[in-house]
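Reading through the structure tokens given below for one structure.
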Amino acid sequence: MPGHIEPVAYDMVAFSSTRNGASSGDGTHLATRESPATTYSALQGVQSSGPPSLRLWQRYDVLKRNDAEKNTLIEELIYHYQSLQEKYEKQTDDHDREREANRTLQKREKDRELENRHLHSLMNRDPFALVLLDGDGMIFHERFMREGEDGGRKAANELHNQIAEYVSETLPNFSTGGEARIVCRLYANLSGLAETCRRAGLIATTQDLEEFMKGFTRAKTLFDFVDVGSGKDRADGKIIEHFKLNLYDYHCRQIILGCSHDNGYARTLEEIVQADLIKRITLLEGVPFERELVVLPFRKHKIMNLFRETKILSVPDFTPRAPVFTPGIRAAVMHPPGFITASPPGYRSSSALAMRPVENGYPFAAPRFSSQEFPSLAENKAPTSFAEAVKAPTPPPTLSFPIPLKATATVFTPKSNISRASSADGGKPFWPIDFPEDIPRNRKGQRIDVPVVPYDKDLVNKIKALKLCNIWFLRGDCPYYADCTHQHQYEPSRSEMDALRICARMAPCQWGSLCDEMKCIYGHVCPAPKAKSHADGSHGKTCIFGSECRFGPEMHDIDKNIVRFMTV
């Protein structure tokens, strides 16, 4: 019926106290459940003894104990559930965190993969091979240079094609998906190289080489010529720095270094002889490799008919330049135009350049001007110090003919005939003249003046006052002979001969550091002390005389370490 509550049917389960109960698996004490038969027997026993009220109280006590044990059990179950709930929540949080971390790692890995692909594409984009040429020694074949700008374009295209073919064979994966990119940097002293080539007869004028370089640069957008100007190791320094800059650049797959003529590059290359770097470098051959370059373990390559295979034999120019104490001429001995006097029988030049043009009857330019271009000598005054001798500028050459031209003249008196020849003044050399068998040069091939003796100012001034003939005493073959205005009869001592050599070296050689005249007595390196600071207008002349020094800028700051001797 409505509102009627059905009586709860207990199964007469009795629970013991928690102290006497059994322990559950998780350490909690659970009440021990008694069997229904035992509980019913207990209630029956209560009903069968004592007054009715007592029996009711007894039964009530039994039920009250059962309720307490039931409540204890429920509480223990709740606590147990609460503990499981906390563990579950903790495991759930850990799972959520791990799932989130896994998603983050997956996303990060995907981003890294995309980034690696992007970086890989960037690293493989625009690979190139770098060609570094020292143009002062790696000289293109004259058939290119003589064609001017067209020859420069042909040389650049030939170099590009040959290098591209070589790199493609050496590095099969170099130009995947596109044309091989070849970058070329050519460094040289344009004015010096042009003059050297002109003197050697490789080109007609210096303008030919300038036009050649223009064509070389314009032929390819990645081909450049850099004029480093005159000076010590200008091209070397730039090439070495660019070499180091690109050596570890991944885009630069190969460096082709054109330096076969110069041992100086061996120092840099020896420092990088490593297994992972050897394959990145190729040495390009023009002239045969120098000894220290041959032994290096780098690959070597030669392009046929593109570069000269022999060094240029520099032919000196016959531009007049007044040396200190070069004897003057009382009468310039010259022939009528077009008349050439042959050398005397038995004559042999002291250098490999024996066959030179004979101009106006003289084998070299000195006889073409008179003592008027030496005002200090014409006034019978000599420089009083080493500084004045070096600092004095060279006046422009002048021609003087105080007497009528002679129809014939003796051009040259060979050394072999000097001792037994009888000149007008009866002079002869009084000191044995021993010329070296070879010429000392530095690693750039520049001539080095071996020091004679320490500079003695008083002795040098004494020699200057004597007005001795430098050519007669130091070479033994004065070309002016009877017309010479300087002494031939003095008997100098050993120390005076050394001082005379010092005086002669105060005048710059007209051929500069390229001179290969074995009997040359003039200076090839500025002998003046180096200035502590350089003025803005020194124009590359780094000695104490600055721009007023008679030696050109290319004859300053020359490396004086002798690395080889050249036999002429």
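The numbering of the sequence shown is this note's numbering, which starts it at 630 and goes up by one.
Note that CB positions come from ideal geometry on N, CA and C, so glycine has one too.
For residue i: DSSP bridge partner residues
| i | result |
| --- | --- |
| E914 | K931 |
| K1159 | C1172 |
| V760 | C813, I885 |
| F936 | F769 |
| L1097 | Q1116 |
Simplified DSSP assignment, three categories, for residue i
| i | result |
| --- | --- |
| P1121 | coil |
| R694 | helix |
| R810 | strand |
| G830 | coil |
| R684 | helix |
| A1136 | coil |
| V1079 | coil |
| F579 | No information on residue 579 is available, as it lies outside the stretch 630 to 1197 that the chain covers here. |
| Q1116 | strand |
| F1102 | helix |
| G860 | coil |
| C1149 | coil |
| L898 | helix |
| F1180 | coil |
| H880 | coil |
| E705 | helix |
| G967 | Any reading at G967 must be qualified, since the residue scores a pLDDT of 35, below 50, and its modelled position is unreliable; no value is offered. |
| H747 | helix |
| E919 | coil |
| K716 | helix |
| Q903 | coil |
| I792 | helix |
| D1085 | coil |
| I941 | coil |
| K908 | coil |
| G821 | helix |
| Y689 | helix |
| K783 | helix |
| D837 | helix |
Cβ-based neighbour list, residue i, same chain, cut-off 7 Å, excluding 5 preceding and 5 following
| i | result |
| --- | --- |
| A1128 | D1085, L1088, V1089, I1092 |
| A1036 | Note that A1036 scores a pLDDT of 34, beneath 50, so its modelled location is shaky; the value from the coordinates is reported in the next line. So the list is empty, once near-sequence residues are dropped. |
| M842 | G781, L819, F854 |
| Q1116 | L1095, K1096, L1097, C1098 |
| H1185 | C1155, G1169, K1170, T1171, C1172 |
| L800 | R882, Q883 |
| E787 | L935 |
| P986 | At P986 the pLDDT is 36, less than 50, meaning the model places this residue with poor confidence and gives no usable figure here. |
| D722 | none |
| S1122 | none |
Distance CB(residue i)-CB(residue j) smaller than 9 Å
| i | j | result |
| --- | --- | --- |
| I932 | I792 | yes |
| H880 | F803 | no |
| L851 | L886 | no |
| K1170 | G1181 | yes |
| V1192 | I1131 | no |
| K940 | G764 | no |
| L767 | C826 | Per the sequence shown, the amino acid found at residue 767 is Met instead of Leu. Not in contact: M767 and C826 (Cβ atoms no closer than 9 Å). |
| A1133 | Y1119 | no |
| A895 | L874 | no |
| C814 | L761 | Before going on, a small fix: residue 814 reads as Arg here, not Cys. The answer is yes: Cβ separation under 9 Å. |
| V812 | L759 | yes |
| I1100 | S1142 | no |
| E742 | G844 | no |
| T846 | A785 | yes |
| D755 | R828 | no |
| E919 | S889 | yes |
| Y1109 | H930 | no |
Beta-carbon separation (whole angstroms), residue i vs residue j, contact threshold 8 Å
| i | j | result |
| --- | --- | --- |
| A864 | A817 | 6 Å |
| L876 | I901 | 7 Å |
| H1153 | R1072 | That belief does not hold up - the Cβ atoms of H1153 and R1072 are roughly 16 Å apart, past 8 Å. |
| A823 | E840 | So it is not a contact: roughly 10 Å between Cβ atoms. |
Cβ-based neighbour list, residue i, same chain, cut-off 8 Å, excluding 5 preceding and 5 following
| i | result |
| --- | --- |
| S859 | N818, S820, G821, G1169, G1181, P1182, E1183 |
Sequence-distant residues of the same chain with beta carbon closer than 6 Å to residue i, five excluded per side
| i | result |
| --- | --- |
| E771 | L831 |
| K867 | Y816 |
| L925 | L898 |
| C1107 | C1098, I1100, W1101, C1113 |
| R928 | T911 |
Cβ of residue i within 9 Å of any chain C Cβ
| i | result |
| --- | --- |
| L702 | The displayed structure is made up of one protein chain only, and chain C is not part of it. |
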